[in-house]
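Read left to right, the sequence shown gives residues 32 to 349 (the working numbering).
Positions of the beta carbon are idealized from the N, C-alpha and C atoms, including for glycine.
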Amino acid sequence: MAYTSLVTGSAGFIGSHLCDHLLEKGERVIAVDNFGSGNKENINHLEGKEDFKFIKHDIREPLKLDEKVDFVYNLASRASPADFDKFPVEIMMTNSLGVYNIINVAMEHKARFLMASTSESYGDPEISPQSETYWGHVNPVGPRSCYDESKRFSEALTMTFIRHHGLDGRIIRIFNTYGPRMRLDDGRVVPNFVTQALSGNPMTVYGDGSQTRSFCYVSDLVRGIYMMMHSPKAKGEVINLGNPVEMTVMEFARLIKQKSGSDSEIVFKPLPENDPLQRKPDITKARGILGWEPEIRVEEGLDITMKWFHERMQKAIE
Ligand code: NAD
Ligand code: UDP
Numbered sequence: 032m033a034y035t036s037l038v039t040g041s042a043g044f045i046g047s048h049l050c051d052h053l054l055e056k057g058e059r060v061i062a063v064d065n066f067g068s069g070n071k072e073n074i075n076h077l078e079g080k081e082d083f084k085f086i087k088h089d090i091r092e093p094l095k096l097d098e099k100v101d102f103v104y105n106l107a108s109r110a111s112p113a114d115f116d117k118f119p120v121e122i123m124m125t126n127s128l129g130v131y132n133i134i135n136v137a138m139e140h141k142a143r144f145l146m147a148s149t150s151e152s153y154g155d156p157e158i159s160p161q162s163e164t165y166w167g168h169v170n171p172v173g174p175r176s177c178y179d180e181s182k183r184f185s186e187a188l189t190m191t192f193i194r195h196h197g198l199d200g201r202i203i204r205i206f207n208t209y210g211p212r213m214r215l216d217d218g219r220v221v222p223n224f225v226t227q228a229l230s231g232n233p234m235t236v237y238g239d240g241s242q243t244r245s246f247c248y249v250s251d252l253v254r255g256i257y258m259m260m261h262s263p264k265a266k267g268e269v270i271n272l273g274n275p276v277e278m279t280v281m282e283f284a285r286l287i288k289q290k291s292g293s294d295s296e297i298v299f300k301p302l303p304e305n306d307p308l309q310r311k312p313d314i315t316k317a318r319g320i321l322g323w324e325p326e327i328r329v330e331e332g333l334d335i336t337m338k339w340f341h342e343r344m345q346k347a348i349e
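In structure tokens form, the structure reads like this:
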């Protein structure tokens, strides 16, 4: 019999790609989202499919399902630093009470549970690359704490249920991921740089652009998420998923400018407080336990992403 998976955050960027992947694998998908930062358009193509059911629901409220689920992927949470200022309490409650509610669904159904955490759990790291054994360097009262501390809480809650209540759970720490279906006005670096370059507007580098990030294409990430859920060796584990190819934000801006053939100027804006200065995943554990590593080079992933953004921007004008 086919498996049934519950995906929260299903109308978002990563969640919608995960739904596609699970359906391609022959699973039934129950998708949950409150459309906070998600977009109905991301899942419009799935509407009417026999194996797909959408439930509009906010995970801060308990969720009762009227059919059995085998796997639970908890991705619901705003993720853009631009939202940390606007929706801090919502983010904190989603990653605490919301995670508790979704773990309870997994417990009730004796389903396997996967928590989508983040590289932000490492805060502004003092070591590079970051491996899962590093405890992080997080400002618990800083402007990003609504996100990074609540994600750390979600990890602690997941581990507590694994240790004390028999939850079959696992945690991934996702590093910067990009691709089609990111919100154009999301505020993260990929939508900002790509829309700015394609429209000829100034490209806004925060700080001096020497901070680093490592960008993973979404299909690589989704493949890793699926492997994490289905690998018996991943039970109870915390694993980084990301692309270890690191670059400075300035190099990234130049790459997008050059790829788009844009004559946008690069301008400098203040670096947000506590913006991590370096970020690069150590994926030794993902390689060893899952046999996973990214395959899409950033140049290739950007080509697909920029084409998609271009089409979306054209549509918005028409
Ligand atoms: P996104 O904003 O596109 O998707 C998040 C989805 O969750 C949205 O559709 C939103 O409407 C939904 N959501 C938020 N709060 C909810 C709630 N209370 N109830 C129901 N639905 C809710 O962001 P994304 O980039 O797709 O991120 C997905 C997950 O991956 C998040 O948990 C995020 O923290 C994590 N993550 C993403 C990245 C990345 O680079 N994209 C990096 C690290 C971690
Ligand atoms: N950034 C930038 N210009 C922008 C948006 C972001 O220089 O218009 C920088 C940001 O300061 C950070 C990096 O790009 O150093 C990645 O930012 P993003 O918001 O995408 O995610 P983060 O990794 O900070 O969660």
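Taking a 10 Å sphere around the C-beta of Ser-47, we find 16 or more other C-beta atoms and assign the residue as buried. Only residues of its own chain outside the window of five on either side were considered, and among them Tyr-165, Gly-167, His-168, Pro-307, Gln-309 and Arg-310 have a CB closer than 8 angstroms to the CB of Pro-156, listed in chain order.
Residue side-chain check: Val-60 keeps its Cβ at 8 angstroms or more from all non-hydrogen atoms of the ligand NAD. Lys-182 counts as buried, since at least 16 other C-beta atoms from the protein chains shown sit within 10 angstroms of its C-beta. For Ile-86, the uninterrupted beta strand (DSSP E) run begins and ends at 83–87, by DSSP. Inside the region 197–261, DSSP marks whole alpha helix (DSSP H) runs of 4 or more residues at positions 220–230 and 249–261, from first to last along the chain. Arg-318 sits in a helix when the DSSP states are folded into three classes. Following the DSSP letters along the chain, one finds Asp-64 inside the beta strand (DSSP E) bounded by residues 59–64. Per the C-alpha coordinates, the member of Thr-149, Ser-250 and Tyr-104 positioned closest to Arg-143 is Tyr-104. The beta-bridge partner set that DSSP reports for Ile-297 consists of Met-234. Contact between the region 80–98 and the region 191–202 is absent: fewer than 3 CB-CB pairs across the two stretches fall below 8 angstroms. Apart from sequence neighbours up to five positions away, the residues of its chain that approach Asp-199 with a beta-carbon distance below 7 angstroms are Arg-143, Phe-144 and Lys-266, ordered along the chain. Taking the Cβ atoms as the reference, Phe-224 lies roughly 7 angstroms from Phe-283, within the contact range of under 8 angstroms. Around the beta carbon of Thr-149, a 10 Å sphere encloses 16 or more other beta carbons of the protein chains shown; the residue is thus reported as buried. Non-local beta-carbon contacts of Tyr-178 in its own chain, meaning distances under 7 angstroms to residues more than five positions away in sequence, involve Phe-115, Ile-122 and Glu-151 in chain order.
Taking 9 angstroms as the cut-off, the Cβ atoms of Lys-80 and Leu-49 do not count as close. Per DSSP, the unbroken beta strand (DSSP E) holding Leu-272 starts and ends at 269–272. For the pair of segments examined, the region 258–277 was found to touch the region 314–328: the number of CB pairs separated by less than 8 angstroms reaches three. Per DSSP, Arg-143 is one residue of the beta strand (DSSP E) stretching across 143–149.
Distance from Pro-222 to Met-234 at the Cβ level is roughly 12 angstroms; contact not present, criterion being Cβ atoms closer than 8 angstroms.
DSSP, read as helix, strand or coil, puts Val-136 in helix. A distance below 9 angstroms separates the beta carbons of Met-146 and Ile-203. Out of Tyr-34, Ile-314, Tyr-153 and Ser-36, the CA that lies nearest to the CA of Asn-170 is found in Tyr-153. Residue burial is scored here from C-beta neighbours: Gly-292 has fewer than 16 other C-beta atoms within 10 angstroms and is therefore classed as exposed.
Around the beta carbon of Gly-57, a 10 Å sphere encloses fewer than 16 other beta carbons of the protein chains shown; the residue is thus reported as exposed. Secondary-structure assignment with DSSP links Pro-275 through no beta bridge to anything. In the structure shown, Tyr-165 falls within a coil segment according to DSSP collapsed to helix, strand and coil. In the DSSP assignment, Ser-36 falls within the unbroken beta strand (DSSP E) covering 35–39. In this structure, the C-beta of His-168 stays at least 8 angstroms away from each heavy atom of the ligand NAD. Within the chosen limit of 8 angstroms, the ligand NAD does not reach the beta carbon of Tyr-257 with any heavy atom. Under the three-state reduction of DSSP output, Gly-154 falls in the strand class. Taken from the Cβ of Arg-254, every heavy atom of the ligand NAD lies 8 angstroms or farther away.
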